Amino acid sequence: MSTRVVVDPVTRIEGHLRVEAMLNDQNVIGDALSSGTMWRGIELIVQGRDPREVWAFAERICGVCTTIHALASVRSVENALKIDIPKNASIIRHLMNFTQIVRPGRYIRACAEGLSTLAEVFARLLFRYSGNAQEVRRFRPARHLPERVLGPPGL
Amino acid sequence: MIACQPATTSEVLERRGISRRDILTFCTMMAASLGLPKEAAAQIANALDKKPRIPVLWIHGLECTCCSESFIRSTHPIAQDILFNMISLDYDDTLQAAAGHQAEEIRRKIMKDYKGQYLLAVEGNAPTNDGGVYCTIGGETFTSILEEAAAGAKAIIAWGSCASNGCVQAAYPNPTGAKPVYKMITDKPVINVPGCPPIAEVMTGVLSYILTFDRLPELDSAKRPKMFYGQRIHDRCYRRSYFDAGQFVEAWDDEGGRKGWCLYKMGCRGPSTYNACASMKWNECVSFPIGSGHGCFGCSEEGFWDNGPFYERLANIPNPTTDLTADRIGLGLTTVVAGAIAAHGVAALAKHKLVDQKLVNIETSKPVE
Ligand code: SF4
Ligand code: SF4
Chain A
14 MSTRVVVDPV TRIEGHLRVE AMLNDQNVIG DALSSGTMWR GIELIVQGRD PREVWAFAER
74 ICGVCTTIHA LASVRSVENA LKIDIPKNAS IIRHLMNFTQ IVRPGRYIRA CAEGLSTLAE
134 VFARLLFRYS GNAQEVRRFR PARHLPERVL GPPGL
Chain B
-8 MIACQPATTS EVLERRGISR RDILTFCTMM AASLGLPKEA AAQIANALDK KPRIPVLWIH
52 GLECTCCSES FIRSTHPIAQ DILFNMISLD YDDTLQAAAG HQAEEIRRKI MKDYKGQYLL
112 AVEGNAPTND GGVYCTIGGE TFTSILEEAA AGAKAIIAWG SCASNGCVQA AYPNPTGAKP
172 VYKMITDKPV INVPGCPPIA EVMTGVLSYI LTFDRLPELD SAKRPKMFYG QRIHDRCYRR
232 SYFDAGQFVE AWDDEGGRKG WCLYKMGCRG PSTYNACASM KWNECVSFPI GSGHGCFGCS
292 EEGFWDNGPF YERLANIPNP TTDLTADRIG LGLTTVVAGA IAAHGVAALA KHKLVDQKLV
352 NIETSKPVE
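First to last, the protein sequences are chains A and B.
Take 14 as the starting number for the first sequence in my numbering and just add one per residue.
Take -8 as the starting number for the second sequence in my numbering and just add one per residue.
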């Protein structure tokens, strides 16, 4: 007799997810499937719009990792229209991408403390080398992180 | 989670090692951000001390979770602790540990045990096309969950623009038939807290108010709390003097752009947008879009996605005085070239090459006016 195990909703994630697993006689998963149980049709909504604003629609795909969707969308528009961007723009985009790694730290921490530590160390360095002294001061390490990992505040 | 009802907020906070002093600082800050007299700080503290925590069901429909993301980033260092203790957040599928049928059991239990007492916080909205198949949780449609949960709720908080006015999924052509909460539920008090996402301190403020005074704050015609949505971005914008002086940014990297002039001609929606960004700012009061040189989108206004392309200027500006309320101006100013601009935008961009943020004609290599 095989059993079917359904987990719906899968919590602690952005969006709606359903996972089904089919267990065989030995209680081993023989088959499994997962499905996103929400669809908004943003791919249809952006059709026919001004390409300059599509990034704003695309980043609403996810409120946790917004920035990367926006950046990817901007890049797609540029590729389609064969637009070259200046070096400064590219640097700014990298910085935006890195700050996003720091931003959802709280969620990441819930799943993988190590990754968060990395992100925070990275943010410190980033703020430091971007010469943004104010940001260094503002940046508060997560409480669980030992000072020896991050160095004293204002590194 | 449910078993620990109903301790007061202060008890829970003190058990968690948060000092009395921190709690009082929080209360003062809340009173100030709600625009209440200083005695209100004591009232808030009193509510935290005496009132049992409000059970909250926080459900997610068609959404991107940006409202939860904003909510967990309140300014005050202990605000997040206070918040999560002020309400007893019994069900929230983004944050709770239980999953699957256990999660759904919790939801049913709260709906039964706290009938008529719980607050329903809705993030996202409901698809109405094709029987609501575009969002299902535990095999039920979100639409039916919303209706069921609303029936036993004391009041409903519609978090963010999705729940308040439809937001991105309701933009043309609205493939899922997404409808904001107030259009689905008409027999319960609904408070709209729009924004994509709303400002963390606004969310905190609304909750503190409801907990302290046991009622919803004063709302405008769009059901938004007046204390946060009573003024336009334009009314509090630090670039306003440039607007009044007629000094406008005309291209992203022109002289005016570098000097921080008004972004009206770059499509800023500040003149028709009621929100607190210009005064409360974002990310621990660091900045807001205009502070970084990008116009406001108008994300707290109904239908802002379809209100003309973001980078085209508004056709007319309502009366420049600062004491107009949303009720008097009405919603939905349109852009100069509303409508068929999209096709034009593609064509214009395809003809020109964007270098250094300036439109340059490929053949002549001259900047385009
Ligand atoms: S149009 Fe925009 S940038 Fe200009 S003053 Fe108004 S809100 Fe500020
Ligand atoms: S500045 Fe405008 S678009 Fe940005 S968050 Fe505030 S209201 Fe929304």
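For each residue, glycine too, the CB sits at the ideal point set by N, CA and C.
No experiment lies behind these values; they were computed from the predicted model shown.
Using a 10 angstroms sphere on the CB of B/T167, the tally of other CB atoms reaches 16 or more, which defines it as buried. Taking 9 Å as the Cβ-Cβ cut-off, the region 82 to 99 of chain B approaches chain A at D83, D84, T85, L86, Q87, A88, A89, A90, G91, H92, A94, E95, given in chain order.
Per the Cβ contact rule, the region 221 to 232 of chain B is not in contact with the region 198 to 206 of chain B (fewer than 3 Cβ pairs under 8 Å). B/I182 is the residue among B/I182, B/D235, B/F301, B/L254 whose C-alpha sits nearest the C-alpha of B/P216. Interface annotation for the region 45 to 70 of chain A against chain B: T50, M51, W52, R53, G54, I55, L57, I58, G61, R62, D63, P64, R65, E66, A69, F70, criterion Cβ-Cβ distance under 8 Å.
At the C-beta level, A/M35 and A/G43 come within 8 Å of one another. Closer than 8 Å to the CB of A/I74 there is at least one CB belonging to chain B.
Relative to the Cα of B/A90, the nearest Cα in the group A/T16, A/N92, A/V20 belongs to A/V20.
Taking 8 Å as the CB threshold, A/E27 lines the interface with chain B. Membership of B/I190 in any beta strand (DSSP E) is not indicated, and neither H nor E is assigned to it by DSSP. Secondary structure at A/C78: coil, using DSSP grouped into helix, strand and coil. Scanning the region 158 to 219 of chain B for uninterrupted alpha helix (DSSP H) segments of 4 residues or longer gives 172 to 175, 191 to 204, listed from N- to C-terminal end.
Contact annotation: B/K41 and B/T(-1) have beta-carbon atoms nearer than 8 Å.
At a cut-off of 8 Å between C-beta atoms, A/T79 counts as an interface residue with respect to chain B. With respect to B/C158, B/C126 sits apart: the two C-beta atoms are not nearer than 8 Å.
For the region 222 to 249 of chain B, the set of positions with a beta-carbon nearer than 9 Å to some beta-carbon of chain A is empty.
At least 8 Å separates the CB of B/Y255 from every CB of chain A. With the rule of 3 Cβ pairs closer than 8 Å, the region 20 to 35 of chain B does not count as touching the region 110 to 121 of chain B. Residues of chain A with a Cβ closer than 8 Å to the Cβ of B/L80 do not exist; the shortest Cβ-Cβ separation is about 13 Å.
Counting only Cβ-Cβ distances below 8 Å, B/P300 has contacts in chain A at R62, D63, R65, E66, in chain order. The Cβ atoms of A/A69 and B/F301 sit closer than 8 Å to each other.
A/A102 is positioned such that its CB atom lies no closer than 8 Å to that of A/A83. Relative to ligand 1, A/H107 has its C-beta separated by 7 Å or more from all heavy atoms.
The bridge partners DSSP lists for B/C253 are B/F239.
CA-to-CA, the gap between B/R64 and A/R73 works out to about 18 Å.
Not one heavy atom of ligand 1 lies closer than 7 Å to the C-beta of B/Y265.
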